[in-house]
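Student: The UniProt record's numbering numbers the first residue of the sequence shown as 1 and each following residue consecutively. C-beta: ideal position from N, C-alpha, C; glycine also. Here's a structure for you.
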Amino acid sequence: MRTDVLAQLPVRDAVPELLRALDLRGSAVLCAPPGTGKTTLVPLVLAGLLDGGGTPVQRILVAEPRRIAARAAARRMAWLLGERTGERVGFTVRGERQAGPRTVVEVVTTGVLVQRLQRDQELAGVDAVVLDECHERHLDADTAAAFLLDVQATLRPELRLIAASATTDAEGWARLLGGDGGGPAPVVSAPGVSHPVEVVWSPPVRPVRPPHGMRVDPALLEHIADTVRRALRERSGDVLCFLPGVGEIGRVAGLLGGADADVLQVHGRAPAAVQEAVLAGADGGRRRVVLATSVAESSLTVPGVRIVVDSGLAREPRMDHARGLSALTTVRASRAAARQRAGRAGREAPGTVYRCWPEAEDARLPRFPSPEIAEADLTAFALQAACWGEPDASGLALLDPPPGGAMTAAREVLTAIGAVDAAGRATERGRRMSRLGLHPRLARALIDGAPEVGARRAAEVVALLSEEPPREYGDDRAAAWRTARRAGDPYATRWRQEARRLDFFCDGGRGRPAYGRRQRRIGRRAGGDDTHRRRAAREGGDGRACGRWERTAGGCPRHDHRTRCPRRGRAGAHQAVPRRHPGRTRRTHHRDALCWRRRAGSEDRGIAGGRRYRSAGARSRHGRHTRCARRGRVGGRWYRVRRTA
């Protein structure tokens, strides 16, 4: 345990007051600037993993608005305890989980928390929930808070709730957590370590077009790159540059190709290795320029930063009426966000912030970011509320009520796709849609499309529509689908993972696993690794070749072939080599699912006729007994799978 680092976190002085507030009211608001340790220290104390934590609790859930923040928080807490992630501290995000039976503190995204509440409203075994970065007002965070307050009021009065905010706008959350009686919840403030930050106004020399949709004027991006070069000349230390999205980060990185510094990119799509390198700090004394989205405002703390270059732009979800879905739109950042960004320059020492807009426009910026519930499409929120038993969301405790027109439009969409009935109650089809973690329109496309084109293809198309492909993929979605299938970039990797998850959902989570999971299992066996060798040594360790047939890990389950060990001698050292199916092999396809055959075991010598064998895999409804189609010796032959009643 790294006690020296824990002792230096400023939030440690506020922990006793926070514990007293929780014992008194059961809920509290923690207001602490970024970098004070509220995300990492407070959950460890609540779980009783540190001295002074009081009575240990069974489990702590920490909800983060972004996947990158959830992974980083779990890894940081595990590092503070001197452990690996997945032991006493773990995380769960969509498509990835590192947690085990010993896990006490689990970091999840707010979307995962909403899904977990829908499955288990009591949150059995959980004693406290920390809603981190609640000031960002994401729709999933507001929904999770409303559900948790309902659970606390009706099912779990002992459940403790903490809303952690990095800004001073805590009064609204205090009133919300306080409930109907007893007044607002206590607000506990932790002082931050802040050094003076000099503000340098650096507007473009020539007027630039305001942002429209996701478009940003290229002239503004060139000016931001020039400002970064100016900051490198005038100041010392690393530079943190805030940009609205991944596309702008890539363009500015290209413009900084000749800079005498390492240019790094931090965003939700960045590989884990890059994220860890950024959070580890400078190596070798070379200066760094970190280009980041809003995730670096409060969710991540980049060490070594002395200079901040603020573009003044951010991406927020807005309703796209042409598509009927929410879409990220480029907007002007709020004054609260600008203060957050500037504070990153003064976290370790006096710093400087370069703001790329005129000083006269600063007073016209919005005070706080707009809550997502007031601007975005509410179809997914309306479905979650219907599944919770509140079709009109009137019984939910929300900081801002949903607009009436948006809720009416959302209910019309849900009724049209069969997710709710005429009374607004969720149907079984709607509950199935809600478990997918997709927009209801995309969930409907997956459920209805799987019987028509196959689960695999439907999952791939829906996965492509759920996340915008990179610009280099082009605007043609069919061409982008073909490109993603053969590409190896980070987007293609995430796309395959999401397609596997959706494919597994189409199968109901029964029978055959998702094809990617099967590939990983097959790859461990076909590669002759320790797992396969230990099994082979146990089965045939007498010196003879074991004769086992294995599957090789192809790109698709249709192309996974059986292989025979070609090595004779000690069974534990054999390998599996790809080989084509023998001529007598037959395969049966049902849509996109593959019904595998099983070769009769070599121990079943004798007459094949009359014996029944089980086919080896695919779906449970296809894993039926089949009668041998050939007469003769059983051992060493392949037989045709025949469907039986």
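Taking the CB atoms as reference points, tell me whether R288 and A253 lie closer together than 8 Å.
Tutor: Looking up residue 288 in the sequence shown gives position 288. Looking up residue 253 in the sequence shown gives position 253. No.
Student: With distance defined between alpha-carbon atoms, name the residue in H135, R160, G424 nearest to P43.
Tutor: Taking the sequence shown and counting its residues from 1, the one referred to as residue 43 is at position 43. Measuring from the Cα of P43, the nearest candidate turns out to be R160.
Student: Judging by CA-CA distance, which residue of A393, L9, A450 is the nearest neighbour of S194?
Tutor: Translated into positions along the sequence shown, residue 194 becomes position 194. Residue L9 is the option with its Cα nearest to S194.
Student: From Q265, G395, T36, E222, pick the residue whose C-alpha is nearest to that of F147; which is it?
Tutor: Taking the sequence shown and counting its residues from 1, the one referred to as residue 147 is at position 147. If we check each option's Cα against that of F147, G395 comes out closest.
Student: Going by CA-CA distance only, name the one from R175, C134, A153, R233 that's closest to A163.
Tutor: Sequence index remark: in the sequence shown, residue 163 carries index 163 (1-based). A163 has its Cα closest to that of C134, out of R175, C134, A153, R233.
Student: Taking the beta carbon of H138 as the centre, do at least 16 other beta carbons fall within 10 Å, making it buried, or is it exposed?
Tutor: Residue numbering aside, residue 138 sits at position 138 when the sequence shown is read from its first letter. The residue is buried, with at least 16 neighbouring Cβ atoms inside 10 Å.
Student: By the three-class DSSP mapping on this structure, what secondary structure does F242 have?
Tutor: Position 242 of the sequence shown, counting from 1, holds the residue named residue 242. Strand.
Student: Please state whether DSSP places T329 in a helix, a strand or coil.
Tutor: Walking along the sequence shown from the start, residue 329 turns up at place 329. Here T329 sits in strand by DSSP.
Student: In whole angstroms, what separates the C-alpha of A338 from that of G257?
Tutor: Counting from one through the sequence shown, the residue named residue 338 turns up at place 338. Counting from one through the sequence shown, the residue named residue 257 turns up at place 257. When rounded, the distance between both Cα atoms is 27 Å.
Student: Would you identify the three-state DSSP class for R621, choosing helix, strand or coil?
Tutor: As a position in the sequence shown, residue 621 is number 621, starting the count at 1. In this predicted model, R621 has a pLDDT of only 40, less than 50, meaning its place in the structure is not dependable enough to derive any value.
Student: Along the chain, where does the beta strand (DSSP E) containing G351 start, and where does it finish?
Tutor: For the purposes of this step, residue 351 is identified with residue 351 of the sequence shown, where counting begins at 1. Residues 351-355.
Student: With a threshold of 16 other CB atoms inside 10 Å of the CB of E276, please say whether the residue is buried or exposed.
Tutor: The count along the sequence shown starts at 1 and reaches residue 276 at position 276. Exposed.
Student: Classify G213 as helix, strand or coil using the three-state DSSP reduction.
Tutor: Translated into the one-based positions of the sequence shown, residue 213 becomes position 213. Note: G213 maps to coil in three-state DSSP.
Student: Nearest-angstrom Cα distance between S615 and L300?
Tutor: Counted from its first residue, the sequence shown places residue 615 at position 615. Counted from its first residue, the sequence shown places residue 300 at position 300. Unreliable positioning characterises S615 in this predicted model, as indicated by a pLDDT of 41, which lies under 50. A coordinate reading is not provided.
Student: Are there three or more Cβ pairs, one per stretch, closer than 8 Å when the segment 368-385 is compared with the segment 86-104?
Tutor: No contact exists between the segment 368-385 and the segment 86-104.
Student: Quick check: the segment 101-121 against the segment 301-311, are there 3 or more CB pairs under 8 Å?
Tutor: The segment 101-121 is not in contact with the segment 301-311.
Student: Taking the alpha helix (DSSP H) that F505 belongs to, which residues open and close that run?
Tutor: As a first step, residue 505 is located in the sequence shown; it is residue number 505 there, counting from the start. 490-506 is the span of the alpha helix (DSSP H), which, as asked, contains F505.
Student: Starting from the C-beta of A380, find all residues in its chain whose C-beta is less than 7 Å away, skip the five residues before and the five after it, and write them out in chain order.
Tutor: For the purposes of this step, residue 380 is identified with residue 380 of the sequence shown, where counting begins at 1. Once the five neighbours on either side are set aside, the close Cβ partners of A380 are H439, P440.
Student: Which first and last residues belong to the alpha helix (DSSP H) in which G237 is found?
Tutor: What you label residue 237 is simply residue 237 of the sequence shown in a count that begins at 1. Taken as a continuous stretch (DSSP letters only), G237 belongs to no alpha helix (DSSP H), as it is neither H nor E.
Student: In angstroms, rounded to a whole number, what distance separates the CA positions of A124 and C356?
Tutor: Numbered from its first residue, the sequence shown carries residue 124 at position 124. Numbered from its first residue, the sequence shown carries residue 356 at position 356. The straight-line gap from Cα to Cα measures roughly 49 Å.
Student: Need the endpoints of the beta strand (DSSP E) that F381 sits in, please.
Tutor: Walking along the sequence shown from the start, residue 381 turns up at place 381. Per DSSP, F381 belongs to no beta strand (DSSP E); it is in the alpha helix (DSSP H), 379-388.
Student: Ignoring anything shorter than 3 residues, give me the beta strand (DSSP E) runs that lie fully in the UniProt domain "Helicase ATP-binding" (19-167), in order along the chain.
Tutor: Listed in chain order, they are 27-31, 60-64, 89-93, 96-98, 105-109, 128-131, 160-165.
Student: Are Q121 and L155 close, meaning C-beta to C-beta below 8 Å?
Tutor: For the purposes of this step, residue 121 is taken as the residue at position 121 of the sequence shown. For the purposes of this step, residue 155 is taken as the residue at position 155 of the sequence shown. Yes, these two residues count as a Cβ contact at 8 Å.
Student: Buried or exposed: where does D13 fall if 16 or more other Cβ atoms within 10 Å of its Cβ makes it buried?
Tutor: Here residue 13 refers to the residue found at position 13 of the sequence shown. When all chains shown are included, D13 counts as exposed.
Student: State buried or exposed for D238, treating a residue as buried only when at least 16 other CB atoms are found within 10 Å of its CB.
Tutor: On the sequence shown, residue 238 is found 238 positions in, with the first residue counted as 1. Classification for D238: buried.
Student: Per DSSP, what kind of secondary structure is G268 in: helix, strand or coil?
Tutor: Here residue 268 refers to the residue found at position 268 of the sequence shown. Coil.
Student: With a threshold of 8 Å, are at least 3 pairs of Cβ atoms found where one atom belongs to the segment 208-220 and the other to the segment 244-251?
Tutor: These segments touch.
Student: With a cut-off of 8 Å, do at least 3 Cβ pairs link the segment 467-487 to the segment 412-429?
Tutor: Not touching, per the Cβ criterion.
Student: Beta carbon of A333, beta carbon of G346: below 8 Å?
Tutor: Position 333 of the sequence shown, counted from the start, is the residue given in the question as residue 333. Position 346 of the sequence shown, counted from the start, is the residue given in the question as residue 346. Contact flag unset, no.
Student: Using a 10 Å radius around the Cβ and a threshold of 16 neighbouring Cβ atoms, would you call L24 buried or exposed?
Tutor: Against the sequence shown, residue 24 aligns to sequence position 24. It is exposed - the Cβ of L24 has fewer than 16 other Cβ atoms within 10 Å.
Student: Rounded to a whole number of angstroms, what is the C-alpha to C-alpha distance between A483 and V453?
Tutor: As a working mapping, residue 483 is identified with position 483 in the sequence shown. As a working mapping, residue 453 is identified with position 453 in the sequence shown. According to the sequence as given, residue 483 is Thr; it is not Ala. If you take the alpha carbons of T483 and V453, they lie about 19 Å apart.
Student: Just to confirm, is the Cβ distance from A478 to L279 under 8 Å?
Tutor: Residue mapping note: residue 478 aligns to position 478 of the sequence shown, counting from 1. Residue mapping note: residue 279 aligns to position 279 of the sequence shown, counting from 1. Contact flag unset, no.
Student: Helix, strand or coil for A14, going by three-state DSSP, please let me know.
Tutor: Taking the first residue of the sequence shown as position 1, residue 14 is located at position 14. Note: A14 maps to helix in three-state DSSP.
Student: Can you give the beta carbon distance from A185 to G178, rounded, assuming they're within the 8 Å contact cut?
Tutor: The count along the sequence shown starts at 1 and reaches residue 185 at position 185. The count along the sequence shown starts at 1 and reaches residue 178 at position 178. Indeed, because the Cβ distance is near 4 Å, the residues count as touching under 8 Å.
Student: Please go through the same chain and pick out, in chain order, the residues whose beta-carbon is closer than 6 Å to the beta-carbon of V197, but skip the five residues on each side of it.
Tutor: For the purposes of this step, residue 197 is identified with residue 197 of the sequence shown, where counting begins at 1. Contacts found: A342, A345, G346, G351, V353.
Student: For A382 and A393, I'd like the C-alpha separation in whole angstroms.
Tutor: Counting from 1 along the sequence shown, the entry for residue 382 is found at position 382. Counting from 1 along the sequence shown, the entry for residue 393 is found at position 393. In a straight line, the C-alpha of A382 is about 7 Å away from that of A393.
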